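Below, the structure is given as structure tokens:
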């Protein structure tokens, strides 16, 4: 693993040096070729997004739809930010090697946990989408991906998988997105059995904007408010989960807003996200090393001011919520 990582980093440096060299030697042909390839990729990207319906791509998996036990209905939910970024950017953004080197371990961990509903974040590379569907197609009945189409910038990055029958799915972009990133939230309603007419649970999967500046915090406040407003305007009352990487530390001041609206399943003290891997890559100190920013949380049935919303919390139990480490204690990437 160490040798592979060293080799990858050497190739990145050598590639960058060669790119600069050829650009200096033959600037016009190189720049024209890059521009032509870039524009062609955007044209095909625009065509692909234009063929989408509702701002996402749906793929039917090979697995049959699962039915919940009517005597003891339980559903297992998992959230994971897998840093699925191409072009070597996973090293800079997450301190981890390319997803191709981690794919089998990621799939093995998902199969070990065997969640009924899986919400992934940072699935930016289309090749990763195809690889996950190929490897997990026999495990899941429904795949929702390419959420948040964006021709010139990044898509939302969320990918949702379900073993259970789907009653309704939608994607809503955040109102305060910049053109560079089209994040939002998925709305997934699932049925206890394929033959049911009405859903039994609502799951909202998301990835809020990152950043430590005041403007970033304000943007997250607005995004959380948009999600809450969305839930408040639903017609059917049912258990409603918020799942994903919220970039809000549960135990810090910013997390108090979430706690007033949600029951958090994970109450542990171990961080769900570390910045130590990034520091190994860029050798820079971090203002915050470890954070608890990933959530599987149940909406409360009333807002802090007492206003009821169509979210059920009575007789709903969040149990056996545990953290699955995505790296070793030695911070091996």
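Residue numbers (our numbering): -4 to 328.
Each residue gets a CB set at the ideal place from its N, CA and C atoms; glycine is no exception.
A quick note: this is a predicted structure, and the numbers were derived from the prediction, not measured.
- With a contact defined as Cβ atoms closer than 8 Å, residue 182 and residue 164 qualify at about 7 Å.
- Judged by DSSP secondary structure, residue 201 falls within the beta strand (DSSP E) whose first and last residues are 196 to 202.
- The beta carbons of residue 257 and residue 243 sit no closer together than 8 Å.
- Here the region 107 to 115 makes no contact with the region 21 to 28; the two share fewer than three CB pairs at distances below 8 Å.
- When only Cα atoms are considered, residue 44 and residue 96 end up about 28 Å apart.
- Looking at 214, 72 and 277, the one whose alpha-carbon comes closest to that of residue 155 is 72.
- Secondary structure note for residue 253: its alpha helix (DSSP H) is the uninterrupted segment 250 to 254.
- When C-alpha distances from residue 298 are compared across 220, 47 and 20, the shortest belongs to 220.
- In the three-state DSSP reduction, residue 10 falls in the helix class (H, G or I).
- When the alpha-carbon of residue 58 is set against those of 94, 128, 83 and 117, the nearest one is in 128.
- Counting C-beta pairs closer than 8 Å gives three or more between the region 264 to 284 and the region 78 to 94, which meets the contact rule.
- Taking all protein chains shown into account, residue 120 has 16 or more neighbouring C-beta atoms within 10 Å of its C-beta and is therefore buried.
- Counting the other CB atoms within 10 Å of its CB gives residue 2 a total below 16, which places it among the exposed residues.
- Residue pairing by DSSP places residue 168 opposite 179 in a beta bridge.
- Cβ-Cβ distances below 6 Å link residue 218 to 169 and 203 in the same chain, with the five nearest sequence neighbours on each side left out; the list follows chain order.
- In this structure residue 167 touches residue 180 by the C-beta definition: roughly 6 Å separates them, less than 8 Å.
- In chain order, 104 and 108 place their CB closer than 7 Å to the CB of residue 319, counting only its own chain and leaving out the 5 sequence neighbours on each side.
- Contact check for residue 116 against residue 143 fails: the beta carbons are separated by 8 Å or more.
- Sorting 75, 172 and 281 by C-alpha distance to the C-alpha of residue 210 places 172 at the top.
- Shown here for residue 227: same chain residues with a beta carbon closer than 6 Å to its own, the five before and five after excluded, namely 304 in chain order.
- In this structure residue 74 touches residue 238 by the C-beta definition: roughly 5 Å separates them, less than 8 Å.
- A straight line joining the alpha-carbon of residue 268 with that of residue 212 spans about 18 Å.
- Contact annotation, residue 201 with residue 140: C-beta distance approximately 15 Å; criterion of less than 8 Å not satisfied.
- Shown here, residue 302 sits in coil according to DSSP, grouped into three states, outside any helix or strand.
- One thing to note: residue 251 has its Cβ no nearer than 8 Å to the Cβ of residue 291.
- Excluding sequence positions up to five before and after residue 126, its CB lies within less than 7 Å of the CB of 98, all in the same chain and listed in chain order.
- Within the same chain, 171 and 204 come within 7 Å of residue 214 by CB-CB distance, once the 5 residues on both sides are set aside.
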